[in-house]
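Line order of the protein sequences matches chains A and B.
Each number in the working numbering corresponds to the 1-based position in the first sequence with 164 added.
Each number in the working numbering corresponds to the 1-based position in the second sequence with 164 added.
Quick notes on the structure that follows.
There are 2 protein chains.
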Amino acid sequence: MKTSIDCIPCFVRQTLEATRFVSVYPSVHEGVLREILRCLAGLDLDQSPPVVGQMIHRKLRELTGNPDPYRNAKEHHNRLALEMLPELREQVKNSPDPLKASACLAITGNVVDLGAKHGLTENEVIANITRTLSEPFHIDIERLRKAIDRASSILYLADNAGEIVFDRLLIEELPAGRVTVAVRGGPVINDATVDDARAAGLNEIVRVIDNGSDAPGTILDDCGLEFQRRFNKADLIIAKGQGNYETLSDEKKNIFFLFRIKCGVVASHTGFKMGTNVLTGTSKTPG
Amino acid sequence: MKTSIDCIPCFVRQTLEATRFVSVYPSVHEGVLREILRCLAGLDLDQSPPVVGQMIHRKLRELTGNPDPYRNAKEHHNRLALEMLPELREQVKNSPDPLKASACLAITGNVVDLGAKHGLTENEVIANITRTLSEPFHIDIERLRKAIDRASSILYLADNAGEIVFDRLLIEELPAGRVTVAVRGGPVINDATVDDARAAGLNEIVRVIDNGSDAPGTILDDCGLEFQRRFNKADLIIAKGQGNYETLSDEKKNIFFLFRIKCGVVASHTGFKMGTNVLTGTSKTPG
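Now the structure itself:
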């Protein structure tokens, strides 16, 4: 999807929040903000919104000299989620529809959006999950089930650290041996990289690759050739999070998006209300 | 007060809202937004926030070719407020402290902030007033009363159209013959100009002047010489609205500000909580 001018005020707010997260120096906050305002003034709105996220966080890493400012937060979120994993796995196993239960929890992991929050406690995470599970879901599980049955090659695009532990529940329900999980090629916000996939233990159960890009989404032109090849070859792509939706919604592939509608622009693009937890496919699975 | 970098996301949001209010053309929305982003990138943060409001709305008038895009809204707000005036005046007369009652209603007029809302109905305005009167007030009425008793020359700085009708209630409680009301020198947002002062009937009871500036506040350097002279000569200045606070809070004059704290930056600058309705003086009135 393209960027809306309604994204611009949000980019500016996100820039300020992010720069304060990664640096205590007001001169850095001001410098980053001014540079991003200049970039936004000339922004190509035909690009998808994560292009700006990539730009903001490259600038933050450059100006702070910190190649991975969210590293500690990501590790904290992985640890919290891992502590909850055995109980959540039990929930899935005891569910009448483990695929659906695990898909809902995977979306919930996206909702928790450990994002820019420093000291999130386990209780807060549990409260978020409980609240989210009581909110509207739009889950097209039968179409996904059929697509999984037919697919010989499934590419699972992860989103954030912490959340990637929740993804494991859904990945465990997919046919072993046919799944590849892709993470970001480099640190950007709290998005999952190979370190986080390893922390979630995914490398023990599936093949894990990185996409070669440091965008908070999947900008295909910016991804590595190996990733592009796997993307093109996959029969089924399961894409987590709004950033992956924003960058891949126009692709002519068999993609299922699992995410929460977090802003008005995506709400209007999808036709779902803000706050809806969605599992939806772009292209029709034949039959 | 100076501009905070926290004002920047708010300026961007306001730009988008205002440009949509004054034009239906997406090309105008995008053009104004890009130009304001460029200006914000190089903004002198030592200036007060209304400098940006002035810049945004000059640009909007230039690009739309409309010298007063909020004219209809202002007339609508004046009419609504005038319909309520007799009943509100009755309330003030029957109050045990008419000065305090009229001051509270004058602040309430600022709260109603008919701002960018097109089709505000009388019922909505009444609901806003009722809600506001039930919210926290911090009214330093005894200091104001003393200052009024001592002043031989009072300058009353109005804020918005519609609100200026509420101001009339307070102005009627001030000593006749010693009051001058100043409005903006040219249209900016829904701020009151001489047309609105006339609509409120203020020219029949006090001297009305304009300040020679089209800023949504009182940027002294930008005001006309006649206004500057009156400002310097006045013993007491009563300034309505957050814009007048933002531009005059550092002046070494006997100024009483009547406004609602509408944003976190001003809340932190004043020490009052967001949403507080305030009547407060900058300089101490001796004794």
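Positions of the beta carbon are idealized from the N, C-alpha and C atoms, including for glycine.
Starting from residue i and walking both ways along the alpha helix (DSSP H), at which residues does that stretch end?
| i | result |
| --- | --- |
| residue 409 of chain A | 405 to 412 |
| residue 245 of chain A | 235 to 257 |
| residue 325 of chain B | Run containing residue 325 of chain B: none; DSSP gives neither H nor E here. |
| residue 419 of chain B | Counting along the chain, residue 419 of chain B falls outside any alpha helix (DSSP H), though it belongs to the beta strand (DSSP E) covering 419 to 424. |
| residue 217 of chain A | 214 to 228 |
| residue 291 of chain B | 286 to 297 |
| residue 317 of chain A | No alpha helix (DSSP H) contains residue 317 of chain A, which DSSP labels as neither H nor E. |
| residue 180 of chain A | 171 to 186 |
| residue 392 of chain B | 389 to 397 |
Please determine, among the options, the residue with the shortest C-alpha to C-alpha distance to residue i.
| i | options | result |
| --- | --- | --- |
| residue 466 of chain B | B:196, B:218, B:270 | Residue 466 of chain B lies beyond the residue range present for chain B, which begins at 165 and ends at 451; the question has no answer from this structure. |
| residue 215 of chain B | B:234, B:254, B:166 | B:166 |
| residue 353 of chain A | A:372, A:324, A:336 | A:324 |
| residue 253 of chain B | B:385, B:344, B:335, B:218 | B:335 |
| residue 357 of chain A | A:229, A:206, A:328 | A:328 |
| residue 322 of chain A | A:378, A:427, A:355 | A:355 |
| residue 345 of chain A | A:261, A:272, A:395 | A:395 |
| residue 250 of chain B | B:387, B:266, B:380, B:379 | B:266 |
| residue 457 of chain A | A:386, A:232, A:175, A:198 | Nothing about residue 457 of chain A can be reported from this structure: the residues present for chain A run from 165 to 451 only. |
Tell me whether residue i is buried or exposed, calling it buried when 16 or more other Cβ atoms sit within 10 Å of its Cβ.
| i | result |
| --- | --- |
| residue 289 of chain B | buried |
| residue 120 of chain B | Chain B is shown from 165 up to 451; residue 120 of chain B falls before or after that span and cannot be answered. |
| residue 375 of chain A | buried |
| residue 434 of chain B | buried |
| residue 272 of chain A | buried |
| residue 350 of chain B | buried |
| residue 408 of chain B | buried |
| residue 403 of chain B | buried |
| residue 340 of chain A | exposed |
| residue 217 of chain A | buried |
| residue 274 of chain B | buried |
| residue 287 of chain A | exposed |
| residue 386 of chain A | buried |
| residue 231 of chain A | exposed |
What residues in its chain sit with their C-beta under 7 Å from that of residue i, if we drop five residues either side in the sequence?
| i | result |
| --- | --- |
| residue 429 of chain B | 168, 170, 171 |
| residue 196 of chain B | 179, 183, 223, 224, 227 |
| residue 360 of chain A | 238, 242, 325, 328, 347 |
| residue 213 of chain A | 167, 171, 410 |
Please work out which residues of its chain come closer than 6 Å, Cβ to Cβ, to residue i, disregarding the five sequence neighbours upstream and downstream, and give them in chain order.
| i | result |
| --- | --- |
| residue 363 of chain A | 242 |
| residue 326 of chain A | 241, 242, 245, 278 |
| residue 398 of chain B | 317, 319 |
Tell me the rounded alpha-carbon separation between residue i and residue j.
| i | j | result |
| --- | --- | --- |
| residue 280 of chain A | residue 220 of chain A | Because the pLDDT at residue 280 of chain A is just 40, under 50, the model does not fix this residue reliably, and the point stays unresolved. |
| residue 291 of chain A | residue 419 of chain B | 49 Å |
| residue 390 of chain B | residue 382 of chain B | 14 Å |
| residue 184 of chain B | residue 177 of chain B | 11 Å |
| residue 423 of chain A | residue 443 of chain A | 7 Å |
| residue 173 of chain A | residue 441 of chain A | 24 Å |
| residue 410 of chain B | residue 432 of chain B | 12 Å |
| residue 211 of chain A | residue 413 of chain B | 43 Å |
| residue 191 of chain A | residue 200 of chain B | 22 Å |
| residue 302 of chain A | residue 406 of chain A | 15 Å |
| residue 330 of chain A | residue 248 of chain A | 9 Å |
| residue 373 of chain A | residue 235 of chain B | 60 Å |
| residue 333 of chain A | residue 427 of chain A | 26 Å |
| residue 388 of chain A | residue 378 of chain A | 11 Å |
| residue 308 of chain A | residue 207 of chain A | 36 Å |
| residue 367 of chain A | residue 189 of chain A | 38 Å |
| residue 436 of chain A | residue 261 of chain A | 24 Å |
| residue 263 of chain A | residue 293 of chain A | 18 Å |
| residue 256 of chain A | residue 202 of chain A | 48 Å |
| residue 204 of chain A | residue 393 of chain B | 42 Å |
| residue 259 of chain A | residue 285 of chain A | 27 Å |
Skipping 5 residues on each side, what residues in its chain have a beta carbon closer than 8 Å to that of residue i?
| i | result |
| --- | --- |
| residue 342 of chain A | 315, 316, 317, 318 |
| residue 119 of chain B | A question about residue 119 of chain B goes unanswered here, because the residues of chain B that appear run from 165 up to 451. |
| residue 415 of chain A | 384, 446 |
| residue 438 of chain B | 425, 426, 427, 428, 431 |
| residue 305 of chain A | 261, 263, 264, 267, 443 |
| residue 312 of chain B | 263, 318, 338, 339, 400 |
| residue 380 of chain B | 214, 217, 218, 221, 348, 352, 353, 355, 407 |
| residue 371 of chain B | 343, 344, 345 |
Going by DSSP, what residue range makes up the beta strand (DSSP E) through residue i?
| i | result |
| --- | --- |
| residue 441 of chain A | 441 to 445 |
| residue 436 of chain A | Segment: none, residue 436 of chain A is in no beta strand (DSSP E) and carries neither H nor E. |
| residue 373 of chain A | 371 to 374 |
| residue 346 of chain B | 343 to 347 |
| residue 303 of chain B | 301 to 303 |
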